[in-house]
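Residue numbers (our numbering): 11 to 169. Scroll down for the structure; my scribbles are underneath it.
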């Protein structure tokens, strides 16, 4: 199908999986970055959050977006549809459901320390922020590695 031909062109290009992964992630993150900044500004106006907290939210948003984007790349590579029967999907239905559930888990897991601070007050705000940023970066790294592995498998597949 059309997806297969486009992927075959990618495989023929002198590009390794790392470069492909960076390009796919950039194609997601670059258009979303302005939207994130606008949402943070709107959140600051509506919730009357101090500017220092708003600035602290921006790296959390980017690392969470990176984690979700790379996790979705891994799911998309693992459950890709390369058929020519005119499907409107690029990912199988199973992959779509798994991707949705993993997306919710990724966001929930990334932001859980901050959520615990605001709901239960177990940890102070600076510690919650650092834990949240660290956890989001760890989840982003794991998701990027998973996406890299799945893209490597696609490159090794004999089409």
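We treat Cβ as the ideally placed atom computed from N, Cα and C, and that holds for glycine. Small disclaimer: the values here were computed from a predicted structure and weren't measured.
Does the Cβ-Cβ distance between residue i and residue j come in under 9 Å?
i, j, result
"residue 66", "residue 153", "no"
"residue 83", "residue 160", "yes"
"residue 80", "residue 144", "no"
"residue 72", "residue 86", "no"
"residue 118", "residue 125", "yes"
"residue 27", "residue 158", "yes"
Measuring straight from C-alpha to C-alpha, what distance separates residue i and residue j?
i, j, result
"residue 116", "residue 30", "22 Å"
"residue 11", "residue 37", "Because residue 11 sits at a pLDDT of 44, beneath the cut-off of 50, its placement in the model cannot be relied upon, and the following sentence gives the value as read from the coordinates. In a straight line, the C-alpha of residue 11 is about 23 Å away from that of residue 37."
"residue 89", "residue 165", "14 Å"
"residue 141", "residue 70", "11 Å"
"residue 121", "residue 137", "13 Å"
"residue 56", "residue 24", "48 Å"
"residue 133", "residue 149", "21 Å"
"residue 114", "residue 105", "14 Å"
"residue 109", "residue 91", "14 Å"
Which partner residues of residue i appear in the DSSP bridge assignment?
i, result
"residue 90", "101"
Buried or exposed for residue i, going by 16 or more other Cβ atoms inside 10 Å?
i, result
"residue 35", "buried"
"residue 52", "exposed"
"residue 129", "exposed"
"residue 146", "buried"
Pairs of beta-carbons, one from the region 35-45 and one from the region 54-64, closer than 8 Å: are there three or more? no
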